[in-house]
Amino acid sequence: MFALREKTLNFSGTADAWRVWLSEMISAHGFDFVVLFGCEREIHRIAIACCEKLGVPVICLEEGYLRPGNVTIEFGGNNWCSPIAGKLPPPEYTSSDRPKGVSYPSSFGAMASYAFLYFSLRNLFSSATERKLFHKRKRMLVSEAFYWIKNYYRKFRNLNANYRCVEKLLEHFDRKYYLVPLQVHDDSQLGRAAGSWNSQKLILKSIVSFARNAPATHQLVFKIHPLERGHSRDRQFIEQVSLLNDVADRVHIIDGGSLGLLTRHAAGMITINSTSGFFALLHGIPLAIMGQAIYRHPDLAFCVNRGIDLDGFWTWNKVAPAEVRSRYLSWVHEQSLRPGDFYAYDGMEIAIGALRDKLADAARRRSEHSASGAQVLSGNFRDTIPAVAHG
Numbered sequence: 323m324f325a326l327r328e329k330t331l332n333f334s335g336t337a338d339a340w341r342v343w344l345s346e347m348i349s350a351h352g353f354d355f356v357v358l359f360g361c362e363r364e365i366h367r368i369a370i371a372c373c374e375k376l377g378v379p380v381i382c383l384e385e386g387y388l389r390p391g392n393v394t395i396e397f398g399g400n401n402w403c404s405p406i407a408g409k410l411p412p413p414e415y416t417s418s419d420r421p422k423g424v425s426y427p428s429s430f431g432a433m434a435s436y437a438f439l440y441f442s443l444r445n446l447f448s449s450a451t452e453r454k455l456f457h458k459r460k461r462m463l464v465s466e467a468f469y470w471i472k473n474y475y476r477k478f479r480n481l482n483a484n485y486r487c488v489e490k491l492l493e494h495f496d497r498k499y500y501l502v503p504l505q506v507h508d509d510s511q512l513g514r515a516a517g518s519w520n521s522q523k524l525i526l527k528s529i530v531s532f533a534r535n536a537p538a539t540h541q542l543v544f545k546i547h548p549l550e551r552g553h554s555r556d557r558q559f560i561e562q563v564s565l566l567n568d569v570a571d572r573v574h575i576i577d578g579g580s581l582g583l584l585t586r587h588a589a590g591m592i593t594i595n596s597t598s599g600f601f602a603l604l605h606g607i608p609l610a611i612m613g614q615a616i617y618r619h620p621d622l623a624f625c626v627n628r629g630i631d632l633d634g635f636w637t638w639n640k641v642a643p644a645e646v647r648s649r650y651l652s653w654v655h656e657q658s659l660r661p662g663d664f665y666a667y668d669g670m671e672i673a674i675g676a677l678r679d680k681l682a683d684a685a686r687r688r689s690e691h692s693a694s695g696a697q698v699l700s701g702n703f704r705d706t707i708p709a710v711a712h713g
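Residue numbers (this note's numbering): 323 to 713.
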């Protein structure tokens, strides 16, 4: 949709037809790499399987794990499919000073504009056959417009309430509140990687467990994702469950404000698998993970396997040593992230350059393997080089 028409090939058909078509295309033209944005959509999973079968490395792109100013570039997948998911740096790894990403103020506005244009054109001009492979259900333009108007209305309406709530928490409950950042309801991370968890189950379990097990002096704070303000009914659900569990006076809801600031002063964070968890690691607060996440490791976080496990988190109070967290974040940055932005014009140029460098380096190493007589298989290659997908 955003590419030059004379340099694109359009596919329309079923998932099975996509598998056959793509396999034939890759086999016939001998691609060196396949680049995806994400890895969790059905078409991505099929593409990755085809490439693994044919021995073609896949690079998966995502918005940066550590934002702003970074993009994710990995071989084979992102998040829980990342080649470094659930791992710690090897013993021989030493932290390096990599340049930090630059924040691009225009990024969010550009992203919103592109999303509006994309979904508008998709809804208006896509065929029924094409929609079968879309990763998100069709959204009616009129209802979407209503939800986004409501989003901006709530943003400005709730400014003062959010500010007062954050001020109260920082002044009276410093390190005495638990933070639950909610994810967008159709986030690809809330698919297979979440197991049976979704925002409603997280809300219900967090409040019930908090009411029964958390210190009476502590508070529980839900932060609704800014992109969900207009769509979500989570606020009403949180209020109802809080009342039923007699903790309405200790449960707070905000839909704006600095996540970094809130995290820095929290007693702990609970998430399914949001990249918000990196803030907890960065600021050294206890972190509970319900689903699968790239940083799910018992040395880094409280890993929930069953809902009842969460009952022990409220008094857990364990944080990985600063050196362990620092090495881990530096390692993730080095292995998976590059400076750039997918939406701001200046950031795009930097991200493209980073991807080009990554491909060139991977091609060079692949050539060296071949020259030395080593057979390069896609599975082994993934362990050697990070891969990137778009989801």
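Using N, Cα and C, we set each Cβ at its ideal position, and we do this for glycine too. Just so it is clear, the structure is predicted and the values come from calculations on it, not from any experiment.
From Leu492, Leu439 and Asp571, pick the residue whose C-alpha is nearest to that of alanine 467; which is it? In the sequence shown, residue 467 corresponds to position 145, counting from 1. It is Leu439.
Can you tell me the Cβ-Cβ gap for tyrosine 469 and histidine 605, rounded? I've got them flagged as a contact below 8 Å. Counting from 1 along the sequence shown, the entry for residue 469 is found at position 147. Counting from 1 along the sequence shown, the entry for residue 605 is found at position 283. About 32 Å separates the two Cβ atoms, so there is no contact after all.
8 Å Cβ cutoff met for tyrosine 300 and leucine 542: Residue 300 falls outside the range modelled here, since the chain spans only 323 to 713, and no answer is possible.
Only counting the same chain, and skipping five residues up and downstream in sequence, which positions put a Cβ closer than 7 Å to that of alanine 666? By 1-based counting over the sequence shown, the position of residue 666 is 344. So the qualifying residues of the chain are Tyr426, Ser428, Ser429 and Ala432.
Nearest residue (CA-CA) to arginine 534, options Phe635, Ile368 and Val654: Here residue 534 corresponds to residue number 212 of the sequence shown, with the count starting at 1. If we check each option's Cα against that of arginine 534, Phe635 comes out closest.
Which same chain residues end up closer than 7 Å to phenylalanine 601 when comparing Cβ atoms and leaving out the 5 residues on each side of it in sequence? Residue numbering aside, residue 601 sits at position 279 when the sequence shown is read from its first letter. Leu581, Gly582 and Thr585.
Residue interval of the beta strand (DSSP E) (run including phenylalanine 430): On the sequence shown, position 108 is the one that residue 430 refers to. Unbroken run through phenylalanine 430 is the alpha helix (DSSP H), 429-447; no beta strand (DSSP E).
Neighbourhood of phenylalanine 333 by C-beta, 7 Å cutoff - its chain only, sequence neighbours within 5 removed: Within the sequence shown, the letter at position 11 stands for residue 333. Around phenylalanine 333: Trp340 and Trp343.
Backbone secondary structure at glutamine 541 - three-state DSSP: Here residue 541 corresponds to residue number 219 of the sequence shown, with the count starting at 1. Here glutamine 541 sits in strand by DSSP.
By the 10 Å Cβ neighbour count, where 16 or more other Cβ atoms means buried, how is threonine 336 classified, buried or exposed? Taking the first residue of the sequence shown as position 1, residue 336 is located at position 14. Exposed.
Mark aspartate 668 as exposed unless 16 or more other C-beta atoms lie within 10 angstroms of its C-beta, in which case mark it buried. The residue given as residue 668 occupies position 346 in the sequence shown. So aspartate 668 counts as exposed.
Which residues does DSSP list as the beta-bridge partners of cysteine 625? Sequence index remark: in the sequence shown, residue 625 carries index 303 (1-based). DSSP, once it has assigned bridges, lists Ile611 as partnering cysteine 625.
Is threonine 637 near the ligand GDP, judged by its Cβ being under 7 Å from some heavy atom? Absence of the ligand GDP is noted for the structure shown, with no ligands found whatsoever.
CA-CA distance, glycine 377 and lysine 409? One-based indexing of the sequence shown puts residue 377 at position 55. One-based indexing of the sequence shown puts residue 409 at position 87. Glycine 377 and lysine 409: Cα-Cα distance of roughly 24 Å.
What is the DSSP secondary structure of histidine 547, reduced to helix, strand or coil? Numbered from its first residue, the sequence shown carries residue 547 at position 225. Coil at histidine 547, not helix or strand.
Three or more beta-carbon pairs under 8 Å between the segment 352-366 and the segment 378-389, yes or no? yes
Classification of alanine 536 by the beta-carbon crowding that lies within 10 angstroms, buried from 16 upward: Counting from one through the sequence shown, the residue named residue 536 turns up at place 214. Buried, because 16 or more other Cβ atoms sit within 10 Å of the Cβ of alanine 536.
With the cut-off set at 8 Å, would you say leucine 388 and phenylalanine 359 are in Cβ contact? The residue you call residue 388 lines up with position 66 of the sequence shown. The residue you call residue 359 lines up with position 37 of the sequence shown. The answer is no: Cβ separation not under 8 Å.
What would DSSP say about isoleucine 616, mapped onto helix, strand or coil? In the sequence shown, counting from the first residue as 1, residue 616 sits at position 294. Coil.
Go ahead and pull the three-state DSSP assignment for arginine 660. Mapped onto the sequence shown, residue 660 falls at position 338. Arginine 660: strand per DSSP, three-state reduction.
Neighbourhood of alanine 407 by C-beta distance below 6 Å, restricted to the same chain and skipping five residues each side: Position 85 of the sequence shown, counting from 1, holds the residue named residue 407. Within the same chain, alanine 407 has close Cβ partners Ile616.
Give the straight-line distance between the Cα atoms of isoleucine 622 and tryptophan 519, rounded to the nearest whole angstrom. The residue labelled residue 622 in the question sits at position 300 within the sequence shown. The residue labelled residue 519 in the question sits at position 197 within the sequence shown. The displayed chain sequence assigns leucine, not isoleucine, to residue 622. Straight-line Cα distance between these residues: approximately 21 Å.
Only counting the same chain, and skipping five residues up and downstream in sequence, which positions put a Cβ closer than 7 Å to that of valine 530? As a working note, residue 530 is residue 208 in the sequence shown. Around valine 530: Asn567.
Start and end of the alpha helix (DSSP H) containing histidine 574? Taking the sequence shown and counting its residues from 1, one reaches residue 574 at position 252. First-last for histidine 574: 573-576, but that is the beta strand (DSSP E), not the alpha helix (DSSP H).
Measure the Cβ-Cβ separation of lysine 749 and proline 620 and say whether it is below 8 Å. Only positions 323 to 713 of the chain appear in the structure, and residue 749 is not among them; the question remains open.
Under a Cβ-count criterion, where at least 16 other Cβ atoms within 10 Å of its own Cβ denotes burial, should alanine 709 be classed as buried or exposed? If you number the sequence shown from 1, residue 709 lands on position 387. Confidence in alanine 709 is poor, its pLDDT being 35 and thus under 50, which makes the residue's placement unreliable; the coordinate value appears in the next sentence. Buried.
So, for valine 502: in the same chain, excluding its five sequence neighbours on each side, which residues have a beta-carbon less than 6 Å away from its beta-carbon? Reading the sequence shown from its first residue, position 180 is the one you call residue 502. Contacts found: Ser528, Phe544 and Ile592.
Looking only at its chain, what residues have a beta carbon closer than 6 Å to the beta carbon of phenylalanine 624, apart from the 5 residues adjacent to it on each side? Along the sequence shown, one-based indexing puts residue 624 at 302. Within the same chain, phenylalanine 624 has close Cβ partners Ala610, Phe635 and Trp638.
Going by C-alpha distance, which of Ser404, Ile348 and Asn392 is nearest glutamate 362? Here residue 362 is taken as the residue at index 40 of the sequence shown, counted from 1. Selected option, being the one with the closest Cα: Ser404.
Are glutamine 505 and histidine 540 touching if we call contact CB-CB under 8 Å? For this step, residue 505 is matched to residue 183 along the sequence shown. For this step, residue 540 is matched to residue 218 along the sequence shown. Result no, Cβ atoms of glutamine 505 and histidine 540 do not sit closer than 8 Å.
Does the beta-carbon of asparagine 322 have 16 or more other beta-carbons within 10 angstroms, so that it is buried, or is it exposed? Residue 322 lies beyond the stretch modelled for the chain, which goes from 323 to 713, so this question has no answer here.
Please name the residue in Pro643, Gly590 and Ile365 whose C-alpha comes closest to that of glutamate 452. The count along the sequence shown starts at 1 and reaches residue 452 at position 130. Ranking the options by Cα distance to glutamate 452, first place goes to Ile365.
Taking the continuous alpha helix (DSSP H) assigned at glutamate 364, which residues delimit it? Taking the first residue of the sequence shown as position 1, residue 364 is located at position 42. 364-376 is the span of the alpha helix (DSSP H), which, as asked, contains glutamate 364.
Beta-carbon separation of alanine 676 and proline 661 under 8 Å? For the purposes of this step, residue 676 is identified with residue 354 of the sequence shown, where counting begins at 1. For the purposes of this step, residue 661 is identified with residue 339 of the sequence shown, where counting begins at 1. Going by C-beta atoms, alanine 676 is nearer than 8 Å to proline 661.
Can you have a look at lysine 329 and say buried or exposed, based on whether 16 or more other CB atoms are within 10 angstroms of its CB? By 1-based counting over the sequence shown, the position of residue 329 is 7. Exposed is the call here.
Per DSSP, which residues does isoleucine 592 bridge with? Please list them. Here residue 592 refers to the residue found at position 270 when the sequence shown is read from its first residue. Looking at the DSSP assignment, isoleucine 592 forms a beta bridge with Ala610.
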